[in-house]
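Engineer: Read the sequence shown against this note's numbering and you will find it ends at 504, with the numbers running on by one and no gaps.
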Amino acid sequence: MTTDLDFTAFFDATPSPYLVLDTHLVIRYVNPAYLQTTGRTRNQLVGEYFFDALPVNRAGPDDAQGTLEASLRRVLDSGKPDTLVLQRYDIPAPGRPGGFEERWWSKIHTPLAGPDGAVQWIVQRAEDVTAFVRSRRAVQHGEQFTEREKGMAAELYARTRELHRLNQELLQAHARERQVAVTLQEAMLSAPDLDQHDNIAVRYLPATTSLNVCGDWYDVVDLPPDRYAAAVGDVVGHGLHAAAIMGMLRSALSAVIRATPSPAQALEVLGLYARSVDGAMAATAVKVLIDTRSRLIIYSNAGHPPPVLLHQDATCDLLDQATDPPLGAREHHVPRPQAGLTYTPGDTLVLYTDGLIERRGEDIDTGLARLTTALAEDHVLAPSQLADALLTRLDVAGGAPDDIALVIIRL
């Protein structure tokens, strides 16, 4: 029976090379056949980012890494297998530091879904077909295929035709899904009151592993005559399901803050609402209320990274005095904390989601220090310019493994 099958023992025993990657393309398992084929040890591969453990040969084909990474990203985006029939990707040569061996591969990338249905793992089967490629070169010089090589050639030809057909279908479906996703995201992040504020810049970058829809969000709400509120939030996960939850939470908080201007009370109501929304538990959010008459910022935080108040002298204060667990995290209702601090006209308030500062293997303090340093270096820039400069300095302008929402307010 399949319930009695030890899958680790199966992969360890199979002669085909296999490894397993997580969604950040970190190697989590590799079988003995893969180690033998690549000449690497388990310690050199497991726990390492794929392209760090098996770096690209800069003297090899220009698109070697790009082609392989694109295949892995297609699997993450579509949830469907992807095949590279014949690709050159050289591997480090044992005993020759900095040297590489020319290798050709036939690779199949297969997704494995987690409990929530989203892709959690990618299984890579990597058949070394270097001998076949070299045999084809030999044939060009008058030599003949062996029977084994003829069989391999037939299999690769069949795979190529099937791959071309499937990839065409996948590209068409992906294009349709992406257009729907972009339209949905733009609609859900619409903030009409934002048009009244030339002192506010917003940016949204989807995760590089997503279809351009994610669970991060921002919002700006006017509260006449002399107050306005801003918020950012983060729903666990990516894709259309996370985006749908994000839309519900964002709309609910936007409505509540109009009736209850207190950030703490607004997040209390949102936390109670989150309990009734499947998938909303553990979402995070931070809400700030800006009173332009008293020059006061009032805020409350539900498990979110702290906003930053950037002063005109380039010093920074973290808004970290009213932090509470994420939405729905407590079993029983408890009032949320609230804090306030004054600002000077010309100061800048920065709200963001964790994708802006978090990096694999780092603690949050390191990310926060990097953020405040980057802000200090460009503190004289206008909000829109500061937003772009910040994304560039933090090396996420082209996207990151996690989504990013960013709000910059010149007070």
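All C-beta atoms in this analysis are idealised placements derived from N, C-alpha and C, irrespective of residue type, glycine included.
Just so it is clear, the structure is predicted and the values come from calculations on it, not from any experiment.
Can you tell which of 326, 353, 342, 338 has its C-alpha closest to the C-alpha of residue 315?
Structural biologist: Nearest C-alpha to residue 315: 353.
Engineer: Rounded to the nearest angstrom, how far is the Cβ of residue 168 from that of residue 215, given a contact under 8 Å?
Structural biologist: 5 Å
Engineer: I need the DSSP call for residue 232, collapsed to helix, strand or coil.
Structural biologist: A caution first: residue 232 carries a pLDDT of 48, below 50, which makes its placement in the model unreliable, though a value can still be read off. If DSSP states are grouped into helix, strand and coil, residue 232 belongs with the helices.
Engineer: In its own chain, which residues sit with a C-beta less than 7 Å from the C-beta of residue 115, not counting the 5 before and 5 after it?
Structural biologist: Cβ neighbours of residue 115 beyond the five flanking positions: 121, 214.
Engineer: Quick one, which of 387, 388, 389, 381 has its alpha-carbon nearest residue 399's?
Structural biologist: 381
Engineer: Could you tell me the alpha carbon to alpha carbon distance between residue 234 and residue 103, rounded to whole angstroms?
Structural biologist: Unreliable positioning characterises residue 234 in this predicted model, as indicated by a pLDDT of 48, which lies under 50. The coordinate reading is nonetheless provided below. Rounded to the nearest whole angstrom, the C-alpha separation of residue 234 and residue 103 is 42 Å.
Engineer: Taking only runs that begin and end inside the stretch 159-195, name each unbroken alpha helix (DSSP H) of 4 or more residues, in chain order.
Structural biologist: none
Engineer: Can you name, in chain order, every residue of its own chain whose Cβ lies under 7 Å from the Cβ of residue 361, other than the five neighbours on each side?
Structural biologist: 428, 429
Engineer: Can you find the residues in the same chain that come closer than 8 Å, C-beta to C-beta, to residue 405, ignoring five residues on each side of it along the sequence?
Structural biologist: 437, 439, 440, 472
Engineer: Span of the beta strand (DSSP E) holding residue 435?
Structural biologist: 432-435
Engineer: When you compare the stretch 204-214 with the stretch 171-178, are there three or more beta-carbon pairs, one atom per stretch, that lie closer than 8 Å?
Structural biologist: yes
Engineer: How many Å lie between residue 389 and residue 480 at the Cα?
Structural biologist: 23 Å
Engineer: Out of 391, 110, 474, which one is the CA nearest neighbour of residue 435?
Structural biologist: 391
Engineer: Does residue 457 pass the burial test, meaning 16 or more other C-beta atoms within 10 Å, or should it be called exposed?
Structural biologist: exposed
Engineer: To which residues of the same chain is residue 186 closer than 6 Å at the C-beta, ignoring the five residues directly before and after it?
Structural biologist: Answer for residue 186: 192, 193, 194, listed in chain order.
Engineer: Once DSSP output is grouped into helix, strand and coil, what is the label at residue 427?
Structural biologist: Residue state, collapsed to three classes: coil.
Engineer: Do the CB positions of residue 284 and residue 308 come within less than 7 Å of each other?
Structural biologist: no
Engineer: Could you work out which residue in 356, 442, 163, 383 is closest to residue 503 when comparing CA atoms only?
Structural biologist: Measuring from the Cα of residue 503, the nearest candidate turns out to be 442.
Engineer: Suppose contacts are defined by Cβ-Cβ distances below 7 Å. Is residue 350 in contact with residue 372 by that definition?
Structural biologist: no
Engineer: What three-state label does DSSP hand residue 453 in the structure shown?
Structural biologist: coil
Engineer: Exposed or buried, what is residue 292 when buried is set at 16 or more other beta-carbons lying within 10 Å of its beta-carbon?
Structural biologist: exposed
Engineer: Answer yes or no: do residue 419 and residue 375 have a C-beta to C-beta separation smaller than 7 Å?
Structural biologist: yes
Engineer: Hey, quick one: how far does the alpha helix (DSSP H) through residue 394 stretch, first residue to last?
Structural biologist: Note, residue 394: premise wrong, no alpha helix (DSSP H); beta strand (DSSP E) at 389-395.
Engineer: For residue 492, which residues in the same chain have their Cβ closer than 8 Å to its Cβ, ignoring the five residues on either side in sequence?
Structural biologist: Non-local beta-carbon contacts of residue 492 in its own chain, meaning distances under 8 Å to residues more than five positions away in sequence, involve 298, 299, 300, 301 in chain order.
Engineer: Apart from the five residues on each side of it in sequence, which residues of its chain come closer than 6 Å, Cβ to Cβ, to residue 312?
Structural biologist: 284, 324, 343, 347
Engineer: Based on DSSP bridge pairs, tell me the residues matched to residue 297.
Structural biologist: 498
Engineer: What three-state label does DSSP hand residue 326 in the structure shown?
Structural biologist: strand
Engineer: Can you say whether residue 144 is buried or exposed, counting buried as having 16 or more other CB atoms within 10 angstroms of its CB?
Structural biologist: exposed
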